[in-house]
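Colleague: Okay, handing you the structure first.
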Amino acid sequence: MSWIYYYFFILITTSVANASATDTMFSNQTLKDGEFLVSAGGVFEFGFFGNSSFRYLGIRYKSIPTADVVWVANGDAPLFDRKGMLKLNGTLQLLNVSNNLIWSAKPVANTSNQLVAQLLDSGNLELKEEDGKRVIWQSFDHPGNTWLPGMKLGFEMSTEEKERKLTSWMGFADPSPRRFTVSIWGVENPQLILTLEDSEFNARIGYWNGLGFNGMTSLKPSSFNKFDFVSSEQEIYSRYTLVNGSGVFTRMVLKKEGDFQQLVWMNRTQSWDVYMTTADTYSCVSYASCGPYGGCNYTKSEPGCQCLQGFEPKLEEEWSASDFSSGCKPENVTTSENGHYFKKFSNMKLPHLLGSKSNLTMSLEECRSACNNATSNCTAYANIDIRGGGSGCRMWYRGLVDIRVALPGDISGQDIYIRMPKPTPKPMPKQDNTRDKKNKKKNGLPLIVILLPVSLALLLGVALTLYAWRTKKKSHLKGEAFLNEDQKQDVELPLFSLSEIVKATDNFSTNNRLGQGGFGAVYKGVLDDGGEIAVKRLSKTSSQGLVEFQNEVICIAKLQHRNLVKLLGYCVQGDEKMLVYEYMPNKSLDFFLFDKDNSLLLDWPQRYHIINGIARGLLYLHQDSRLRIIHRDLKASNILLDSEMNPKISDFGLARMFEEHETEANTNKVVGTLGYISPEYATGGVFSVKSDVFSFGVLVLEIVSGKKNRGFFHQDHHHDTLLGHAWRLYKEEKLLELVDAALEDSWNVPEVLLSINVGLSCVQQHPEDRPTMSSVVHMLGGEGALPPPKQPRYFSDETESEVESTTLMLPKFPVSINEVTVTQLGGR
928 MSWIYYYFFI LITTSVANAS ATDTMFSNQT LKDGEFLVSA GGVFEFGFFG
978 NSSFRYLGIR YKSIPTADVV WVANGDAPLF DRKGMLKLNG TLQLLNVSNN
1028 LIWSAKPVAN TSNQLVAQLL DSGNLELKEE DGKRVIWQSF DHPGNTWLPG
1078 MKLGFEMSTE EKERKLTSWM GFADPSPRRF TVSIWGVENP QLILTLEDSE
1128 FNARIGYWNG LGFNGMTSLK PSSFNKFDFV SSEQEIYSRY TLVNGSGVFT
1178 RMVLKKEGDF QQLVWMNRTQ SWDVYMTTAD TYSCVSYASC GPYGGCNYTK
1228 SEPGCQCLQG FEPKLEEEWS ASDFSSGCKP ENVTTSENGH YFKKFSNMKL
1278 PHLLGSKSNL TMSLEECRSA CNNATSNCTA YANIDIRGGG SGCRMWYRGL
1328 VDIRVALPGD ISGQDIYIRM PKPTPKPMPK QDNTRDKKNK KKNGLPLIVI
1378 LLPVSLALLL GVALTLYAWR TKKKSHLKGE AFLNEDQKQD VELPLFSLSE
1428 IVKATDNFST NNRLGQGGFG AVYKGVLDDG GEIAVKRLSK TSSQGLVEFQ
1478 NEVICIAKLQ HRNLVKLLGY CVQGDEKMLV YEYMPNKSLD FFLFDKDNSL
1528 LLDWPQRYHI INGIARGLLY LHQDSRLRII HRDLKASNIL LDSEMNPKIS
1578 DFGLARMFEE HETEANTNKV VGTLGYISPE YATGGVFSVK SDVFSFGVLV
1628 LEIVSGKKNR GFFHQDHHHD TLLGHAWRLY KEEKLLELVD AALEDSWNVP
1678 EVLLSINVGL SCVQQHPEDR PTMSSVVHML GGEGALPPPK QPRYFSDETE
1728 SEVESTTLML PKFPVSINEV TVTQLGGR
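Count the sequence shown with my numbering and you get residues 928 to 1755, in order.
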């Protein structure tokens, strides 16, 4: 067995086969390493897992191939060998080889009765009296990083010992508690909060509104589970339960980065899908990040901190510098003496509840009346529960902070009515009719003399404007001529004029030239407003670029994701065809990765961040975007890096859009870059999302090693490609030898091993053996496990050469192969 299996995310799938299962209950017994207590329905199992050096006692799925761990007893105190044991002796006790106590269950009550331990199909481990009348301890009272259906999240009023909160793990192979927690906060106005270390809270997910917590994004009506919230004198908690007969596996996990997600198991893809998340695509999740009366709006074309409608930045200069903490103020108001009114804002995450009062019995109209009272300082009001038309009243008495516009269709958003001052009316100028009549008679003739030349000038101006408009219209029509009617309706991108591009690039100066691709050059440009752009100029002599140009405009215009390069517009005028992108100051990944000096600037945390970002971008293309898109040319030179080294997938000239029901396609023209093309595509012209997965696997191994797959050379393995070299090291249990020497001591062993395993799993010969990008993202996030990889198809250069030469000789599959970097949008 390869030593990569020593890391528990692999072992939890391989150890089950060799493990013995006990009865659904055990009493006065010892549970040893290799034995598992299995729930009656076979959903979960309880026992030891880990590697030869670190062993953990916990609960994991038995009925799901990925065998994800949902609870760990000794996360911060692992055993260091396989000789630990669990004893039932008045309580549950975990002992090491020296019989020292490592962990024990602390009963909530003493008992002299015989005890039994039982694992339920809910994933709850119960320690109870043998007659079953009383549970004296249960794992559901001590959550880890996973919230399972039926588990309470909250606290009891009588004791802090009964606070039930989630705590993130340090990593996929290290279940010790990390920095983030999710808990119920507050008694009078309880809310679900995300806390970072010892801060009061880092982010406010929101308060219960009858359907869910109103700060959860992507919260849609569910047919498989329902949420409950209980607030009484004894306890405050929330839980969710499965709808009878739904047969769905679901869990909520607090990731190590602080993202709180609900995952649903998909049998079709054999992976977990993200059903709900608190992750904020536009970095507005932090508490009160937009200041009073400022909120993050997901629905705008330029999302981020924005003032509510009717408000404007309080300090414009600070907002211009991206400091939004000062918030917003009402527009065009010089005095409050003109009264006020309440404006309705829909689909909102409601403000922080400090400084608010609630009344469960008031109607919305009664709420409005109370808030509108002349002696009241009420700033806003809303329903407490939005079910059945709404009920209850909540009123705010201070500035509104931590507001956000919910995503369209989310059930988490609701209406709020905000107090707005009436605008100050502008004074009307007084008129002197007598004087006007006199002036009219007196100035009649000179007025005509003055108006005549003015009128002529205006007519001339209108004529010139009309001419300019018609000229621009003709240019615009030419610019759209290469799109059909359906495409015109879909593409909503600015059409840049040639003069704008020429001016921005200093007439395509060689000093602004960023790179040369197969279809033309790329230039840096600066617009009149100071915005930096990258212009991809199609070569006039290129015979292949028009189709790719059309494809890129149509395809990428529909995409919006932080890990995809943003297309700002295009220009088609005469023989000129250009794409205008956001400017990436740090060039492309290959600029750093394959350069001896530049590679020193790319440490392991940055590389792992880049791997994760590329994976999320591909997942968006394959699954989460409006259309399923296959990139077909994923490689290091097509991964651009912004000012913060965030990766962005670029160059969609070869991309293909699939309908929702389509899974693969055939082509008579194989396109892409040697070293990244999947076997089934190179030899048979068959491509699918798994073709991109193969390219991603190659890219991951290149990022870890700092070496190119094609043209790779190792003195001991002369004919191996990078894939073959990685596979050989895997078989020889020497995987860490693959790590780029430029990383020195910056790399993290579990993350490196996980990345290599993901890379090898992605480059399997058969598409069905490769994981989906959904599985890859979950794996990189510490969720689930991949099956052990098999030998890659392109094991050696000889193998790849055979494929390449065969492909090139096939008359029905002409190949368009890129040997060099095709597109590079970056700084000089």
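Yeah, the Cβ is synthetic: ideal placement off N, Cα and C, and Gly gets one too.
Given the structure is predicted, the values throughout are model-derived calculations rather than measurements.
Got a sec? Which residues, its chain only, sit under 6 Å from residue 1452 by beta carbon, not counting five neighbours each side?
Modeller: Counted from its first residue, the sequence shown places residue 1452 at position 525. Excluding positions up to five away in sequence, the list reads 1431, 1432, 1460 and 1462.
Colleague: Bridge partners for residue 1345 per DSSP, in chain order?
Modeller: Counted from its first residue, the sequence shown places residue 1345 at position 418. Per DSSP, 1270 and 1307.
Colleague: Measure the alpha-carbon distance for residue 1647 versus residue 1631 and round it to whole angstroms.
Modeller: In the sequence shown, counting from the first residue as 1, residue 1647 sits at position 720. In the sequence shown, counting from the first residue as 1, residue 1631 sits at position 704. When rounded, the distance between both Cα atoms is 17 Å.
Colleague: What residues in its chain sit with their C-beta under 8 Å from that of residue 991, if we drop five residues either side in the sequence?
Modeller: Position 64 of the sequence shown holds residue 991. Excluding positions up to five away in sequence, the list reads 1176 and 1192.
Colleague: Keeping to the same chain, check which residues put their C-beta closer than 8 Å to that of residue 1041; ignore five residues upstream and five downstream.
Modeller: For this step, residue 1041 is matched to residue 114 along the sequence shown. Same-chain partners within the cutoff: 954, 955, 1056 and 1057.
Colleague: According to DSSP, is residue 1152 part of a helix, a strand, or is it coil?
Modeller: The residue you call residue 1152 lines up with position 225 of the sequence shown. Strand, per DSSP.
Colleague: Specify the secondary structure class of residue 1047 as computed by DSSP and reduced to three states.
Modeller: What you label residue 1047 is simply residue 120 of the sequence shown in a count that begins at 1. Three-state result, residue 1047: coil.
Colleague: So, are the CB atoms of residue 1244 and residue 1258 less than 8 Å apart?
Modeller: Residue mapping note: residue 1244 aligns to position 317 of the sequence shown, counting from 1. Residue mapping note: residue 1258 aligns to position 331 of the sequence shown, counting from 1. No, these two residues do not count as a Cβ contact at 8 Å.
Colleague: Check whether the segment 1181-1192 and the segment 1679-1693 touch, using three or more Cβ-Cβ pairs below 8 Å as the test.
Modeller: At 8 Å Cβ cutoff, the stretches do not touch.
Colleague: Since residue 989 and residue 972 are thought to touch, with beta carbons under 8 Å apart, how far apart are those beta carbons, to the nearest angstrom?
Modeller: Translated into positions along the sequence shown, residue 989 becomes position 62. Translated into positions along the sequence shown, residue 972 becomes position 45. Indeed, because the Cβ distance is near 4 Å, the residues count as touching under 8 Å.
Colleague: DSSP state of residue 1295, grouped into three classes?
Modeller: In the sequence shown, counting from the first residue as 1, residue 1295 sits at position 368. Here residue 1295 sits in helix by DSSP.
Colleague: Shortest alpha-carbon distance to residue 1321 belongs to which of 1048, 1342 and 1268?
Modeller: What you label residue 1321 is simply residue 394 of the sequence shown in a count that begins at 1. Residue 1342 is the option with its Cα nearest to residue 1321.
Colleague: Please work out which residues of its chain come closer than 6 Å, Cβ to Cβ, to residue 1372, disregarding the five sequence neighbours upstream and downstream, and give them in chain order.
Modeller: In the sequence shown, residue 1372 corresponds to position 445, counting from 1. Its pLDDT being 46, under 50, residue 1372 is placed unreliably in this model, and the value from its coordinates should be taken loosely. Here the set comprises nothing.
Colleague: Counting pairs of beta carbons, one from the segment 1489-1505 and one from the segment 1611-1620, are three or more of them closer than 8 Å?
Modeller: Cβ pair count under 8 Å is below three, so no.
Colleague: Answer yes if the segment 1060-1071 comes into contact with the segment 1154-1163, meaning at least three C-beta pairs across the two stretches below 8 Å, and no otherwise.
Modeller: No, they do not touch.
Colleague: Among the residues of its own chain, which have a CB less than 7 Å from the CB of residue 1015, if the five just before and after it don't count?
Modeller: If you number the sequence shown from 1, residue 1015 lands on position 88. Contacts found: 953, 954, 955, 956, 1042 and 1044.
Colleague: Return helix, strand or coil for residue 1236, following the three-state DSSP convention.
Modeller: Residue numbering aside, residue 1236 sits at position 309 when the sequence shown is read from its first letter. Coil.
Colleague: Please check the pair residue 1707 and residue 1683, which I expect to be a contact at CB under 8 Å, by giving their CB distance rounded to whole angstroms.
Modeller: In the sequence shown, residue 1707 corresponds to position 780, counting from 1. In the sequence shown, residue 1683 corresponds to position 756, counting from 1. Contact flag wrong, Cβ pair sits at about 12 Å.
Colleague: Please classify residue 1314 as buried or exposed, where buried requires at least 16 other C-beta atoms within 10 Å of its C-beta.
Modeller: Here residue 1314 is taken as the residue at index 387 of the sequence shown, counted from 1. Exposed: under 16 other Cβ atoms inside 10 Å.
Colleague: Below 8 Å between beta carbons: does that hold for residue 1511 and residue 1569?
Modeller: Counting from 1 along the sequence shown, the entry for residue 1511 is found at position 584. Counting from 1 along the sequence shown, the entry for residue 1569 is found at position 642. The answer is yes: Cβ separation under 8 Å.
Colleague: Give the secondary structure of residue 1177 by DSSP, where H, G and I count as helix, E and B as strand, and everything else as coil.
Modeller: Looking up residue 1177 in the sequence shown gives position 250. The answer is strand: DSSP assigns residue 1177 an E or B state.
Colleague: Where does residue 1075 sit, in a helix, a strand or coil, going by DSSP?
Modeller: Locating residue 1075 in the sequence shown gives position 148, counting from the first residue. Residue 1075: coil per DSSP, three-state reduction.
Colleague: What does a CB cutoff of less than 6 Å around residue 1583 pick up in its chain, not counting 5 residues either side in sequence?
Modeller: The count along the sequence shown starts at 1 and reaches residue 1583 at position 656. The answer, listed in chain order, is 1557.
Colleague: Considering only the alpha carbon of each residue, which of 1050, 1051, 1075 and 1037 lies closest to residue 1063?
Modeller: In the sequence shown, the residue the question calls residue 1063 occupies position 136. The shortest C-alpha separation from residue 1063 is found at 1037.
Colleague: Measure the C-alpha to C-alpha separation of residue 1102 and residue 1048 and round it to an integer number of angstroms.
Modeller: The residue given as residue 1102 occupies position 175 in the sequence shown. The residue given as residue 1048 occupies position 121 in the sequence shown. For residue 1102 and residue 1048, the distance between alpha carbons rounds to 22 Å.
Colleague: Look at the alpha carbon of residue 1118 and the alpha carbon of residue 1267, and state the distance between them as a whole number of angstroms.
Modeller: Working through the sequence shown from its first residue, we reach residue 1118 at position 191. Working through the sequence shown from its first residue, we reach residue 1267 at position 340. The straight-line gap from Cα to Cα measures roughly 30 Å.
Colleague: Between the Cα of residue 986 and the Cα atoms of 1000, 993, 978 and 980, which residue gives the shortest distance?
Modeller: In the sequence shown, counting from the first residue as 1, residue 986 sits at position 59. Of the candidates 1000, 993, 978 and 980, the one whose C-alpha sits nearest the C-alpha of residue 986 is 1000.
Colleague: Use the C-beta contact count for residue 1233: other C-beta atoms within 10 angstroms, 16 or more gives buried, fewer gives exposed.
Modeller: The count along the sequence shown starts at 1 and reaches residue 1233 at position 306. With 16 or more other Cβ atoms within 10 Å, it is buried.
Colleague: Counting only runs that start and end within the segment 1493-1530, where is the beta strand (DSSP E) found for 3 or more residues in a row?
Modeller: Fully enclosed beta strand (DSSP E) runs of 3 or longer: 1494-1500 and 1503-1509.
Colleague: What did DSSP end up calling residue 1213 once you bin it into helix, strand or coil?
Modeller: The residue labelled residue 1213 in the question sits at position 286 within the sequence shown. Residue state, collapsed to three classes: coil.
Colleague: Can you give the Cα-Cα distance for residue 1476 and residue 1428, rounded to whole angstroms?
Modeller: The residue you call residue 1476 lines up with position 549 of the sequence shown. The residue you call residue 1428 lines up with position 501 of the sequence shown. Near 17 Å, if we compare the C-alpha coordinates of residue 1428 and residue 1476.
Colleague: Looking only at its chain, what residues have a beta carbon closer than 6 Å to the beta carbon of residue 1270, apart from the 5 residues adjacent to it on each side?
Modeller: Within the sequence shown, residue 1270 is the residue found at index 343, counting from 1. Within the same chain, residue 1270 has close Cβ partners 1345 and 1347.
Colleague: Closer than 7 Å by C-beta to residue 1349: which residues in its own chain qualify, once you throw out the five before and the five after it? Chain order, please.
Modeller: Translated into the one-based positions of the sequence shown, residue 1349 becomes position 422. Excluding positions up to five away in sequence, the list reads 1265, 1266, 1267 and 1268.
Colleague: Between residue 1578 and residue 1521, what straight-line distance do the alpha-carbon atoms span, to the nearest angstrom?
Modeller: To locate residue 1578, count along the sequence shown from 1; it is residue 651. To locate residue 1521, count along the sequence shown from 1; it is residue 594. Each residue's alpha carbon lies about 20 Å from the other.
Colleague: With a threshold of 16 other CB atoms inside 10 Å of the CB of residue 1196, please say whether the residue is buried or exposed.
Modeller: Numbered from 1 along the sequence shown, position 269 holds the residue referred to as residue 1196. It counts as exposed.
Colleague: With 16 other CB atoms within 10 Å as the buried threshold, where does residue 1287 fall?
Modeller: Locating residue 1287 in the sequence shown gives position 360, where the first residue counts as 1. By the 10 Å Cβ count, residue 1287 comes out exposed.
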